[in-house]
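J.: Numbering (my numbering), first residue to last: 16 to 265. By construction, the Cβ of each residue, glycine as well, lies at the ideal position given by its N, Cα and C atoms. For clarity, every value in this text was computed on a predicted model and none was experimentally measured.
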Amino acid sequence: MCWEEEPPVSATARSAGPGVDVDALDPVRALQRTLYRSAKQDGTRRFHSLYDKCFRMDVLYRAWMDVRNNGGAPGVDGVSIKDVEDGGVPVFLEGIAASLKAKTYRPKALRRVNIPKAGQPGKTRPLGIPCLVDRVVMAAARIVLEPVFEADFLPVSFGFRPRRSTIQALDVLRTEVNRGATWILDADVSDCFGQIRHDVLMAEVAKRVSDGTMLKLIRGWLRAGVLEHGSVTATVSGTPQGSPVTPQTQ
16 MCWEEEPPVS ATARSAGPGV DVDALDPVRA LQRTLYRSAK QDGTRRFHSL
66 YDKCFRMDVL YRAWMDVRNN GGAPGVDGVS IKDVEDGGVP VFLEGIAASL
116 KAKTYRPKAL RRVNIPKAGQ PGKTRPLGIP CLVDRVVMAA ARIVLEPVFE
166 ADFLPVSFGF RPRRSTIQAL DVLRTEVNRG ATWILDADVS DCFGQIRHDV
216 LMAEVAKRVS DGTMLKLIRG WLRAGVLEHG SVTATVSGTP QGSPVTPQTQ
């Protein structure tokens, strides 16, 4: 969502009627808006207390709903969404919160699958499927980190951002053409996300995040490795696509 604008109102907020402080009803949104405004007001600010927000139960529940609504196959541990629901979502989330608080959480390797590339017969692209625990923790981290980095993007940036789409980008192009623009640059970086250097990526994250535990959490996901054909391969570069913290089409 864009925290400068009014995001979609939840069913709880709608039922509360007019004149009600929606942020008071949705503390997760209030947290995101606070982080966004703080980052927007000071472009050099580095945030030092973010990790503890990831194991707030309201944040974890929102993260679970995001993961559940997105669906997806089990990771290397074979645990499915149905398994979690059958065993009790509160128990599942309380276990995640406890491991994060105790700093005993460790990400598992990703399960590698290859899916066909759209419009390119015979070609595939690799996806890394995290286990459900990792997906929920990643989604919680995204909830906390996204507003901080969203504050730094330019209005003309549309790729992989919340509540932004290719249709909106085309509208901007149409406007520019009507204003007299006569050319468009169409370029692509080959295997961009697969070749990102971890040290460079973490240096960019650290420009806004000084919370060492949060940085360690992100490094753990980058280094988790990939399980394929029965063996785990270390990931020395790139960000495996297919998880809540990698670029997603909104």
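Beta-carbon separation of R77 and S225 under 8 angstroms?
T.: No.
J.: For K68, which residues from the same chain have a beta carbon less than 7 angstroms from its beta carbon, with the 5 sequence-adjacent residues on both sides left out?
T.: For K68, where only same-chain residues beyond five positions count, the Cβ hits under 7 angstroms are L46, V74, V159.
J.: Can you grab the Cα-Cα spacing for the pair A117 / I111, in whole Å?
T.: Straight-line Cα distance between these residues: approximately 10 angstroms.
J.: Measure the CB-CB distance between Y66 and M217 and report whether it falls below 8 angstroms.
T.: It is not a contact, given that the beta carbons lie outside the stated cut-off.
J.: So, do the stretch 122-133 and the stretch 84-91 have three or more beta carbon pairs nearer to each other than 8 angstroms?
T.: Verdict: yes, contact present.
J.: Determine the direct distance from the alpha carbon of S114 to that of Y120, and round the result to whole angstroms.
T.: The alpha-carbon atoms of Y120 and S114 are separated by roughly 5 angstroms.
J.: Within 10 Å of its beta-carbon, does A202 have 16 or more other beta-carbons around it, so buried, or fewer, so exposed?
T.: Exposed, because fewer than 16 other Cβ atoms sit within 10 Å of the Cβ of A202.
J.: Whose C-beta lies closer than 7 angstroms to the C-beta of T248 among residues of the same chain, with five residues either side of it excluded?
T.: Counting only Cβ-Cβ distances below 7 angstroms, and skipping sequence neighbours, we find G240, V241.
J.: So, does the stretch 178-193 touch the stretch 145-162, judging by three or more C-beta pairs under 8 angstroms?
T.: Result no; under three Cβ-Cβ pairs closer than 8 angstroms.
J.: Does DSSP put I144 in a helix, a strand or coil?
T.: If DSSP states are grouped into helix, strand and coil, I144 belongs with the strands.
J.: May I ask you to list the residues that DSSP assigns as paired with P131?
T.: Paired residue(s): T139.
J.: Roughly how many whole angstroms lie between the Cα atoms of P259 and P136?
T.: Going by the C-alpha atoms only, they are around 27 angstroms apart.
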